[in-house]
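Just so you know, the sequences run in chain order A and B. First residue of the first sequence: 1, per this note's numbering; consecutive thereafter. First residue of the second sequence: 1, per this note's numbering; consecutive thereafter.
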Amino acid sequence: MRTFLIGAALLLTLGAGPAGAQISLAGEWAGRYHEDQGDRVPGDVQGDFTGVPLNDAARRYADAFDVTRVALLEHQCQPYNVAHIYRGPLQFRWWEDKDPATQEIIAYRQFIGTYMQWRTIWMNGHERPPAYAPHTFMGFSTGVWNGDILTVTTTHIKKEFYRRSGIPSSDLTTLVEHYIRHGNLLSHVMIITDPVYLTEPYVNSEEFVLMERGNQNWLYNCEYVMEVPMNKNEVPYYLPGMNPFIEDYAKKFGLPFEAVFGGAPTLYPEYRPVLERLMNGR
Amino acid sequence: MRANWKLIAPTALLAAMAGAVQAHHSFTATYFEDRTIEIEGKLLQFMFRNPHSFVHVEAPDENGAMQRWAVEWGGAGQLAGQGVTNQTLRVGDVVTITGNPGRDPSDHRVRMQYLRRNTDGFEWGRNPGETFN
């Protein structure tokens, strides 16, 4: 009888955690910018389209895009959408919503300091809304654990940009994220598909560090002002082929413009001989 | 006492990043970062805000014609960490500003690198950490 009781107690102890007991991501995380720092923090000269599998529609958009457009009253405080916001400087707070009765996780929540954005990642089988449901900058997210990797799928994302150089994103974007914790480091991988502007998935990764001492810098009091005196009804743009800055990045780094603007084929090692030929031919 | 720059540099970087906000535009795409201009004139407006603050100054251009210059500065959160508040500058202050000119000359915009108020010598941009992104 005693053996039975000990065995039962052990079984209960082992089963004390919920079936899905996972590594915790709760806490406050701050970005690290060793990767792609130039693009992610200050931004580079115009015309950086490297690493993005953009299609012809995206090329046309980028060609017409004037970077000062985001200074318009309507756009100054426009948040980056969820497929873009992690690419900039940010910190986010992560916490769990648990069912009081069962202590099972209903959802993960995120508060992102930049633009003060809120995210909910449903973990309880919440049904995805219909396609016509409102789209938001943070979209609709559901999550699932694969081992210790949290995989989050987000749809219903508002149109924005993948890069400030004018590579657009559409409202048909789907974002798949993988959150992978290693101690106090968090790796974040984003795989973006967009049938409107990308020819294949666009992959990015970022690192975050757990803040052992939080800070109070969580507010983002963005105000609309006339930053630069101008006609408020004027929208900056370039006619096709008239963008004087589109080749600036290629020129700055001595790259053929075809390689910078080439999309998916330029992302793979097989492109190296082509690049070599282009550069030797100059 | 000598400053320990090995310690100051990372500390300043961390302090700067703590309040960092991504510009809604790329600085390098908007300004000529390899060029510098100086303007001196009367402050017309100080917009202490996010994503970036702006200072409007009435000052002559290279031809002597008076222009309203839009000088881009750090976000409110980042500047606050450097001791700048919405009361730091007042309309009517006479200031000298050095910075990167905008790529479109007709915009008369500048990215702030250094500011000096001529009446009391208040300065920004010369001390470690006085930068923005």
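Just so it is clear, CB atoms sit at the ideal spot from N, CA and C, and this is done for glycine as well. All values reported here derive from a predicted model rather than from experimental measurement.
Please report the Cβ distance between residue i and residue j, rounded to the nearest whole angstrom; I am assuming they are in contact, meaning their Cβ atoms lie under 8 Å.
i                 : j                 : result
Ile-157 (chain A) : His-188 (chain A) : So it is not a contact: roughly 16 Å between Cβ atoms.
Phe-208 (chain A) : Gly-47 (chain A)  : In fact, because the Cβ distance is near 29 Å, the residues do not count as touching under 8 Å.
Ala-26 (chain A)  : Trp-95 (chain A)  : 5 Å
Glu-160 (chain A) : Tyr-80 (chain A)  : 6 Å
Val-152 (chain A) : Glu-177 (chain A) : 4 Å
Tyr-114 (chain B) : Gly-125 (chain B) : 4 Å
Leu-290 (chain A) : Asp-194 (chain A) : Residue 290 (chain A) cannot be examined here, being either before or after the span of chain A that is shown, 1 to 282.
Tyr-249 (chain A) : Val-52 (chain A)  : With a Cβ gap of about 12 Å, Tyr-249 (chain A) and Val-52 (chain A) do not count as contacting.
Glu-35 (chain A)  : Ser-205 (chain A) : 7 Å
Ala-71 (chain A)  : Tyr-162 (chain A) : Not quite, the Cβ-Cβ distance comes to about 19 Å (not below 8 Å), so this is no contact.
Ala-70 (chain B)  : Glu-223 (chain A) : No, Ala-70 (chain B) and Glu-223 (chain A) are not in contact; Cβ-Cβ is about 15 Å, not under 8 Å.
Could you pull out every residue in the same chain whose Cβ sits closer than 6 Å to the Cβ of residue i, ignoring the five residues on either side in sequence?
i                 : result
Glu-33 (chain B)  : Asn-100
Arg-69 (chain A)  : Pro-236
Ala-30 (chain A)  : Gln-91, Val-209 and Met-211
Phe-137 (chain A) : Pro-79, Asn-81 and Lys-158
Glu-247 (chain A) : Gly-47 and Phe-257
Glu-200 (chain A) : Pro-53 and Ala-264
Thr-85 (chain B)  : none
Could you confirm whether any beta carbon from chain A is found closer than 8 Å to the beta carbon of residue i?
i                 : result
Gly-19 (chain B)  : Below a pLDDT of 50, predicted positions are generally treated as unreliable, and Gly-19 (chain B), at 46, falls in that range; the measurement from the model is reported next regardless. True, the Cβ-Cβ gap to chain A drops below 8 Å.
Phe-54 (chain B)  : yes
Thr-30 (chain B)  : yes
Asp-61 (chain B)  : no
Met-66 (chain B)  : no
Ala-125 (chain B) : It should be pointed out that residue 125 (chain B) corresponds to Gly in this sequence rather than to Ala. It does not; no Cβ of chain A falls within 8 Å.
Asp-120 (chain B) : no
Pro-128 (chain B) : no
Pro-105 (chain B) : no
Phe-46 (chain B)  : no
Arg-111 (chain B) : no
Asn-86 (chain B)  : no
Pro-138 (chain B) : Only positions 1 to 133 of chain B appear in the structure, and residue 138 (chain B) is not among them; the question remains open.
Within 8 Å of any Cβ in chain B, is that where the Cβ of residue i sits?
i                 : result
Thr-68 (chain A)  : yes
Phe-245 (chain A) : yes
Gln-37 (chain A)  : no
Glu-227 (chain A) : yes
Pro-42 (chain A)  : yes
Val-45 (chain A)  : yes
Tyr-220 (chain A) : yes
Lys-232 (chain A) : no
Arg-164 (chain A) : yes
Asn-184 (chain A) : no
Ala-71 (chain A)  : yes
Glu-207 (chain A) : no
Glu-223 (chain A) : yes
Leu-12 (chain A)  : Low confidence applies here, because Leu-12 (chain A) scores a pLDDT of 46, under 50, leaving its location unreliable; read the following figure in that light. No, its Cβ sits nowhere closer than 8 Å to a Cβ of chain B.
Asn-146 (chain A) : no
Can you give me the Cβ contacts of residue i inside the same chain, cut-off strictly under 7 Å, excluding the 5 residues immediately before and after it?
i                 : result
Ala-259 (chain A) : Thr-266, Leu-275 and Leu-278
Thr-98 (chain B)  : Thr-36, Glu-38, Gln-113 and Tyr-114
Thr-155 (chain A) : Arg-128, Gly-139, Phe-140 and Thr-174
Phe-261 (chain A) : Phe-49 and Arg-59
Could you pull out every residue in the same chain whose Cβ sits closer than 8 Å to the Cβ of residue i, ignoring the five residues on either side in sequence?
i                 : result
Arg-68 (chain B)  : Leu-44, His-56, Val-57, Glu-58 and His-108
Pro-240 (chain A) : Arg-60, Asp-63 and Ala-64
Val-94 (chain B)  : Glu-40, Gly-41, Lys-42, Leu-43, Arg-117, Asn-118 and Thr-119
Complete alpha helix (DSSP H) runs within the region 219–271 of chain A (minimum length 4 residues, chain order): 248–252 and 257–260
Is the region 139–155 of chain A touching the region 122–131 of chain A in the sense that three or more CB pairs, one from each, lie closer than 8 Å? yes
Would you say the region 186–201 of chain A touches the region 100–110 of chain A, given that touching needs at least three Cβ pairs under 8 Å? no
List, from N- to C-terminal side, the alpha helix (DSSP H) runs of 4 residues or more that fit wholly inside the region 29–106 of chain B. 76–80
Listed in chain order, which residues of the region 67–78 of chain B have Cβ atoms closer than 7 Å to some Cβ of chain C? Absent from the structure is chain C; the protein chains it does hold are A and B.
Fully enclosed by the region 18–52 of chain A, which beta strand (DSSP E) runs are 3 residues long or longer? 27–32
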